[in-house]
Amino acid sequence: LPEALRARGAVVDVVPVYRTLPAEHDALDALRDALRAGRIDAVTFTSSSTVTSLCDALGDEAPALLARAAVASIGPVTSETARARGLTVAVEATTYTAAGLLDALRGYFHAPTETP
């Protein structure tokens with residue numbers, strides 16, 4: 114896109130908004146232990162790159178480890194990436210923002226109470 118815009122005379126500055134960094138070894142070991150022990154209720158993914166990064170870090174056991182938690186996705190593109198990596202998506206935001214993801218998680222974990 115930047116090249117196409119420049120070809121048409123636009124001045125384009127590409128500014129990184131965020132980047133996904135790999136977890137440190139100790140943090141990754143702690144995450145594996147917590148997932149195995151069932152101490153993590155939900156794992157949130159805010160982009161396809163976060164799915165890829167975590168699954169690559171966890172290796173072949175990623176689907177089994179993440180099956181113990183509710184996998185929550187910010188939207189359909191991220192959900193599709195998760196499914197392609199063998200994950201089951203339990204929660205998908207309908208508004209593709211961090212606030213939308215939080216709302217979806219609230220709805221998932223707080224089922225409506227019945228009134229007598």
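This note's numbering puts the sequence shown at residues 114 to 229. We treat Cβ as the ideally placed atom computed from N, Cα and C, and that holds for glycine.
- Under DSSP, Phe-158 takes part in a beta bridge, and its partners are Ser-186.
- Of the candidates Ala-203, His-223, Thr-208, Ala-203 places its Cα closest to the Cα of Thr-157.
- Between Thr-191 and Thr-210, the C-beta gap is not smaller than 9 Å, which leaves the two residues out of contact.
- Ranked by Cα distance from Leu-179, the first of Ala-206, Thr-159, Leu-144, Ala-217 is Leu-144.
- In the assembly as shown, Ala-177 is an exposed residue. Its beta-carbon has fewer than 16 other beta-carbons within 10 Å.
- DSSP, read as helix, strand or coil, puts Val-164 in helix.
- Boundaries of the alpha helix (DSSP H) harbouring Ala-177: 175-179, taken from the DSSP string.
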